[in-house]
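Notes for the one structure printed next.
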Amino acid sequence: MLGRRGAAVPAVRGSAGHVLRATGVGKRIDEAVLLLSTDVELGTAECVVLRGPNGSGKTTLLRILAGTVPPSEGEATLDGSPVDERHDLTRTAIAALIGAPATYRDLTLVDHLVLIDSTWGRAGQRADDHADEILELLEIDHLAERFPHELSSGQQQLFHLSMVLVRPSSILMLDEPEQRLDTDKRDLLTRILLDRKADGSSLLIACHDPAMTEALADTVVDIRTS
Amino acid sequence: MTGADRQRLRQVRAAILGNRPDNSLSNTLYPVYVAVIAAGAYGVPAAQQLFSSLDGKWLAEHAWTPVGAMVAVTAAVLLLTLVRLVGRVHGPVVPPLPYLELVVASPMPRKVTLARHWRLSLGGSTIGGLLVGLVGGAGLAIAKVTSPVVLLPATVGGGLLGVLVAEFWLRGQVHGSRRGSSLPGGRRNALALLDITGLRRQAASNVTIGGAVLAGDLRTVRLDAARPATHARHVRLGASGPLAVIAHRDLLGLRRAPGSALYGLGFAAAGSAGLMLSLQSPRTPTVAPLVSLVLAYLGFGAWCEGLRLHADNSGTSRLLGLAYRDTALAHLAVPVSAWALSAIVLNAGLSLAGLARPTALVWALGAGALLAGAHLMASFRGLPPIGVFGPHAGVPAMIFWYAKPLLATLVVGTATAAWAARADNPWTAFFWLLAAAAGVVAWGLALVGKRDRRS
Chain E
640 MLGRRGAAVP AVRGSAGHVL RATGVGKRID EAVLLLSTDV ELGTAECVVL
690 RGPNGSGKTT LLRILAGTVP PSEGEATLDG SPVDERHDLT RTAIAALIGA
740 PATYRDLTLV DHLVLIDSTW GRAGQRADDH ADEILELLEI DHLAERFPHE
790 LSSGQQQLFH LSMVLVRPSS ILMLDEPEQR LDTDKRDLLT RILLDRKADG
840 SSLLIACHDP AMTEALADTV VDIRTS
Chain F
12 MTGADRQRLR QVRAAILGNR PDNSLSNTLY PVYVAVIAAG AYGVPAAQQL
62 FSSLDGKWLA EHAWTPVGAM VAVTAAVLLL TLVRLVGRVH GPVVPPLPYL
112 ELVVASPMPR KVTLARHWRL SLGGSTIGGL LVGLVGGAGL AIAKVTSPVV
162 LLPATVGGGL LGVLVAEFWL RGQVHGSRRG SSLPGGRRNA LALLDITGLR
212 RQAASNVTIG GAVLAGDLRT VRLDAARPAT HARHVRLGAS GPLAVIAHRD
262 LLGLRRAPGS ALYGLGFAAA GSAGLMLSLQ SPRTPTVAPL VSLVLAYLGF
312 GAWCEGLRLH ADNSGTSRLL GLAYRDTALA HLAVPVSAWA LSAIVLNAGL
362 SLAGLARPTA LVWALGAGAL LAGAHLMASF RGLPPIGVFG PHAGVPAMIF
412 WYAKPLLATL VVGTATAAWA ARADNPWTAF FWLLAAAAGV VAWGLALVGK
462 RDRRS
């Protein structure tokens, strides 16, 4: 479980407008092409959905835009500066769920959320209440006292989403958040994300679900494979 | 085992072997041959050195007294308890996965299909016990602590202990396989009680752990061997400041792993007390602070689970609002505080009993800084460099690479403690202990920074 560099910052959500932009971004490792040159622009309170077949490079593009992987061509910027997760601005603005986040095997679900929220500067009863609210929002409040290894795969996915939603951010970056969720839970997640967008958060989502894409997307970017 | 069972098992073994010759006997005997050679070449001289470095006269006077016997029995009981606990995670009967799926899962009696694997473990444990008894007895005799007559009872006793170890190991596996099942007695019944789910879990774990050991990945070994937390789930983590919440997390983690907390307390207390006592006389053998530091290292380490989990999680999505290095330092708050508290209580007790001076407390606190640095090193060392897998490096290089944090603790701690016990002014040695501890902490923090940059 890791953190951003620098001092703790006050919790912000959606109030600070950011522009995340990928211009001609591509990724190659030797002969292997992971992502062909792609353009994406995400403004404040917008939702961009990345679409494409398996292996087209959606996750790679998300990693580049989260600042965890440098592009081998083109440029990825946040408010005009190169996006890099080592910068405070990037870490504060972007909450990303790309792959499973690390969990502590000796903490329950609610403990994880209290821990994350506390390290972002929300202390005392507010952090406790906020953790409960997030679990309730995702309808997993009955699992609050379970340990991560006691969850089904769908419950794990909801728990991972809760860990990203509990921390303050302006941009939510999610890689196939609908995976392993049943239809009801996909609808629930869609409603939560729409609320986040209405509150001013920007959403960048790789998604295979046509209904979610239809409901959420302001812009759909089809990733080229050739 | 009936004749029909024997026949079916022979057919199974023939099918597994195919056209290859059956080398199982030579494969079994070769490790025994190597163990006997190693025991004679290295074990006996090492045992002799150990007993020679101790006070031989004192040992000879106390070894055959009721107190000596009580110590031996207590050590044996502790060993058997430990082995039984180990059996719950990794038992003596763990066939390969394909054999489990194709043979053990068949209608053949389990006491037949698993008998060979049990015999191997029982034989290995018995021979191991015989060799340990032989080496110990030879060491005592050559160091002139006792007469050579001790060889026979020591060897027989070691063999018997080996048999008991195997039995308790199997009982542990049965207990872990089916919680609450009774053991009617006799190992064949015990084999019949092993269920396929438990066997499969242990076999899969063996594969994981075997691969991790070959790759030098002790983190995977630790995570695979650890039992999942289930205690105190109704206790909630209290929200607090960004750094304080990390310490609260570690306290809650220890509350949910009471075994680790207690084991840590026992080892840390023994190590801390041993260290303080070893400073009292210039006649104290050097091995005393050395053993004390090993115990202290293990005890302190049991309290460092939060630190290790933080290191384990590098490379995954970052969700905490704290800097990586700050989080690592915050994870040291609980083990350092627990060490200091236990040292203060022990020093008060030893001082009241007239066994140690109050100034020894300062030394124990300095050793706490050394232990904190060593565990930073251990938690954030990552995977061994490619070089240790090279043809000119091998297993010793890998062991050395892994043992660096422990070696740093032992070299610095033992040298300065021995110096302090013999010097007119122990504060000079204390100064060097603090300087070296600062160096070890800096080394640990450098490794934290390295992991942070890589993740």
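The listed protein sequences derive, respectively, from chains E and F.
Its first residue numbered 640, the first sequence is counted upward by one per residue in our numbering.
Its first residue numbered 12, the second sequence is counted upward by one per residue in our numbering.
For each residue, glycine too, the CB sits at the ideal point set by N, CA and C.
Contacts that residue i makes with chain E (C-beta to C-beta distance below 7 Å)
i: F/Arg267; result: Asp745
i: F/Val467; result: Missing from the structure shown is residue 467 of chain F; chain F here goes from 12 to 466 and no further.
Contacting residues, own chain, Cβ-Cβ under 8 Å from residue i (five flanking each side not counted)
i: F/Ala46; result: Ile138, Gly139 and Leu142
i: F/Leu445; result: Gly377 and Ala380
i: F/Ser63; result: Ala154
i: F/His242; result: Arg266, Arg267, Ala268 and Pro269
i: E/Glu853; result: none
Continuous beta strand (DSSP E) stretch holding residue i: start and end
i: E/Glu714; result: Glu712 to Leu717
i: E/Glu680; result: Ala671 to Leu681
i: E/Arg660; result: Leu659 to Ile668
Contacts of residue i in chain E (Cβ-Cβ under 8 Å)
i: F/Pro346; result: Result: empty, since nearest Cβ-Cβ is about 15 Å, beyond 8 Å.
i: F/Arg244; result: Thr747, Glu784, Arg785 and Phe786
i: F/Arg260; result: Tyr743, Leu746, Asp750 and Leu754
i: F/Val459; result: Here the premise fails: no neighbours, minimum Cβ distance about 11 Å.
i: F/Gly264; result: Tyr743, Asp745 and Leu746
i: F/Pro253; result: Ala647, Ser757, Thr758, Trp759 and Gly760
Residues sharing a beta bridge with residue i, DSSP
i: E/Leu736; result: E/Leu813
i: E/Ser720; result: E/Leu717
i: E/Asp861; result: E/Arg690
i: E/Ala845; result: E/Leu689 and E/Asp814
Cutoff 8 Å: residue i Cβ touching any chain E Cβ
i: F/Ala240; result: yes
i: F/Ser216; result: no
i: F/Arg198; result: For F/Arg198, the pLDDT reaches just 48, beneath the cut-off of 50, and the residue's location in the model is therefore unreliable, leaving the point undetermined.
i: F/Val232; result: no
i: F/Arg247; result: yes
i: F/Gly393; result: no
i: F/Val100; result: no
i: F/Gly150; result: no
i: F/Leu318; result: no
i: F/Leu331; result: yes
i: F/Asn436; result: no
Proximal residues to residue i (C-beta, below 7 Å), its chain only, five neighbours per side dropped
i: E/Thr698; result: Ile737, Asp814 and Ala845
i: E/Leu673; result: Lys666, Arg667, Gly696 and Thr699
i: F/Leu309; result: Phe278
i: E/Leu832; result: Leu842 and Leu855
i: F/Gly183; result: Val94, Arg95, Leu96, Val97, Gly98, Arg99 and Gly102
Residue i: contacting residues in chain F (beta-carbon distance under 8 Å)
i: E/Ser808; result: Under the 8 Å cutoff, chain F gives no residues; its nearest Cβ is about 10 Å from E/Ser808.
i: E/Ala766; result: Ala250
i: E/Val688; result: Neighbours of E/Val688 on chain F: none; closest Cβ ~20 Å, over 8 Å.
Any C-beta of chain F under 8 Å from that of residue i
i: E/Pro816; result: no
i: E/His657; result: no
i: E/Val708; result: no
i: E/Ile668; result: no
i: E/Ala845; result: no
i: E/Pro721; result: no
i: E/His788; result: yes
i: E/Thr758; result: yes
i: E/Ala762; result: yes
i: E/Met802; result: yes
i: E/Pro900; result: The structure shown does not extend to residue 900 of chain E, since chain E is modelled only from 640 to 865, so the question has no answer here.
Host alpha helix (DSSP H) of residue i (start-end)
i: F/Ala255; result: Ala255 to Arg267
i: F/Met388; result: Ala371 to Ser390
i: E/Lys697; result: Lys697 to Ala705
i: F/Val302; result: Val298 to Ala313
i: E/Met802; result: Ser792 to Leu804
i: F/Val146; result: Ala126 to Ile153
i: F/Val84; result: Pro77 to Val100
i: F/Ile48; result: Ser35 to Ala49
i: F/Leu343; result: That residue, F/Leu343, is in no alpha helix (DSSP H); it is neither H nor E in DSSP.
i: E/His781; result: Looking at the DSSP string, E/His781 is not in any alpha helix (DSSP H), and its letter there is neither H nor E.
Close beta carbons around residue i, own chain, < 6 Å, minus the five adjacent residues each side
i: F/Arg198; result: Low per-residue confidence applies at F/Arg198: pLDDT is 48, beneath 50, and the placement is therefore not dependable, though the value from the model is reported in the following sentence. Result list for F/Arg198: empty, nothing under 6 Å.
i: E/Leu797; result: Leu777 and Ile779
i: F/Ala432; result: Leu290, Pro293 and Thr295
i: F/Val246; result: none
Amino acids of chain F, ordered along the chain, whose beta-carbon sits closer than 9 Å to that of residue i
i: E/Pro849; result: Under the 9 Å cutoff, chain F gives no residues; its nearest Cβ is about 27 Å from E/Pro849.
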